[in-house]
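Accompanying notes for the structure given below.
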Amino acid sequence: MENLNRMMIFYHVVDLGSFTEAAKVLKMAKSAVSRHVTLLEKQVGARLLNRTTRQLNLTEVGRIYFQSCKKIVEETQYMQNEISVLQNQPVGSLKIATTNSLGIQYITPLIVEFMRLYPKLNIELMLQDQVIDMVEENIDVCVRVGWLQNSDLVATKVADSRLVLAASPSYLKQYGPIVTPKDLEKHACVIFSLLPNPTKWTFTQKKQQETVSVSAIIKTNNAGAVKALLLQGAGASVLSHFIVAEDLREGRLVELLPNYDLGSAGVYLVYQEKQYKQLKIQLFNDFIKKNLKLD
2 MENLNRMMIF YHVVDLGSFT EAAKVLKMAK SAVSRHVTLL EKQVGARLLN
52 RTTRQLNLTE VGRIYFQSCK KIVEETQYMQ NEISVLQNQP VGSLKIATTN
102 SLGIQYITPL IVEFMRLYPK LNIELMLQDQ VIDMVEENID VCVRVGWLQN
152 SDLVATKVAD SRLVLAASPS YLKQYGPIVT PKDLEKHACV IFSLLPNPTK
202 WTFTQKKQQE TVSVSAIIKT NNAGAVKALL LQGAGASVLS HFIVAEDLRE
252 GRLVELLPNY DLGSAGVYLV YQEKQYKQLK IQLFNDFIKK NLKLD
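Number 114 in this note's numbering belongs to position 113 of the sequence shown; there are no gaps in the numbering.
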């Protein structure tokens, strides 16, 4: 059993390319991970890894041994999933990544409900606006807002959020109204840098399109920061409606040019292809699709 455990540790070190990253995933001390790999090499009777300060390289024996370890890990994961299917009760861990604004307001309450349904599942929630590397960060599922690019990931669209142009009443009182898209060229704009074209906003009305190039008074990659700047009267900006819905209802912000269409951003559940059929992911997929309601 100890040898099997060390094979699993060795697999994670090679798969993640780092003793440090393997230690994080395995929730072990880095020194313990290194010690287990050294003991495994003694048991095998051959060096499996060439270690340098910058990288790890498999020896010829290590490459062969890693393939065997990979088969064992995959079989173990498959067996765990099959047991979960039979019990209809997922076990293990589920690591979820999403954006700050979507995660705090919408996904976190749903995760609480999901945990009540499946108490044997340990959940880790990671909040970050930038698109992250799911493989490198060992993410099971991402809930993304935006425009999905082609990749080898599996994605399911679960919602749409229309884009709106907004500013605070105090800003409009000081700098004047925005009646047409062209007016934006004379106004200060707060730029959300994760938009496909951050400084070029396209407005559609009666099938006629008008693209305006706007000047950035400030630019940020965080949607929450954009909203905070709008509330402080820094300028006008384009954001997903769900981010500012409550502020619009309460009058803290005003939707501008409501008769124009600015397009929408999709909300996607994204998975690694090799993990898509796992019960825990399928159950989370179904739960989010059924329960995610954006304002």
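Virtual Cβ for every residue (Gly too), placed ideally from N, Cα, C.
Have a look at residue i and residue j and give me their C-alpha separation to the nearest angstrom.
| i | j | result |
| --- | --- | --- |
| residue 11 | residue 67 | 8 Å |
| residue 177 | residue 222 | 27 Å |
| residue 16 | residue 71 | 9 Å |
| residue 232 | residue 5 | 56 Å |
| residue 203 | residue 134 | 30 Å |
| residue 207 | residue 136 | 44 Å |
| residue 118 | residue 7 | 34 Å |
| residue 47 | residue 69 | 15 Å |
| residue 100 | residue 141 | 15 Å |
| residue 102 | residue 109 | 10 Å |
| residue 187 | residue 197 | 22 Å |
| residue 283 | residue 22 | 27 Å |
| residue 205 | residue 124 | 42 Å |
| residue 30 | residue 9 | 15 Å |
| residue 143 | residue 220 | 25 Å |
| residue 181 | residue 175 | 18 Å |
| residue 115 | residue 131 | 25 Å |
| residue 74 | residue 32 | 22 Å |
What whole-angstrom Cβ distance do residue i and residue j have, given they're in contact under 8 Å?
| i | j | result |
| --- | --- | --- |
| residue 139 | residue 26 | 5 Å |
| residue 160 | residue 295 | 5 Å |
| residue 93 | residue 281 | 7 Å |
| residue 244 | residue 111 | With 8 Å as the limit, residue 244 and residue 111 do not qualify as a contact, their Cβ atoms being about 17 Å apart. |
| residue 162 | residue 242 | 6 Å |
| residue 39 | residue 51 | 13 Å between Cβ atoms; not a contact. |
| residue 166 | residue 257 | 4 Å |
| residue 154 | residue 274 | 7 Å |
If the criterion is Cβ atoms closer than 8 Å, does the pair residue i and residue j meet it?
| i | j | result |
| --- | --- | --- |
| residue 254 | residue 169 | yes |
| residue 129 | residue 98 | yes |
| residue 315 | residue 145 | The structure shown does not extend to residue 315, since the chain spans only 2 to 296, so no value can be given for it. |
| residue 191 | residue 235 | yes |
| residue 126 | residue 285 | no |
| residue 164 | residue 266 | yes |
| residue 217 | residue 200 | yes |
Contained beta strand (DSSP E) runs [length at least 3] in the segment 198-226, N- to C-terminal order: Within the segment 198-226, the complete beta strand (DSSP E) runs of at least 3 residues are 201-206, 209-214 and 217-221.
Could I get the ranges of all uninterrupted alpha helix (DSSP H) runs contained in the segment 98-123, with 4 residues as the minimum, in chain order? 109-118
Length-filtered (3 minimum) beta strand (DSSP E) runs lying within the segment 236-270: 238-241 and 255-257
Count Cβ pairs between the segment 225-234 and the segment 242-249 that sit closer than 8 Å; are there 3 or more? yes
Count the CB pairs spanning the segment 254-263 and the segment 196-214 that are closer than 8 Å, and state whether there are at least three. yes
4-residue-minimum alpha helix (DSSP H) runs that sit fully inside the segment 7-42, ordered along the chain: 20-27
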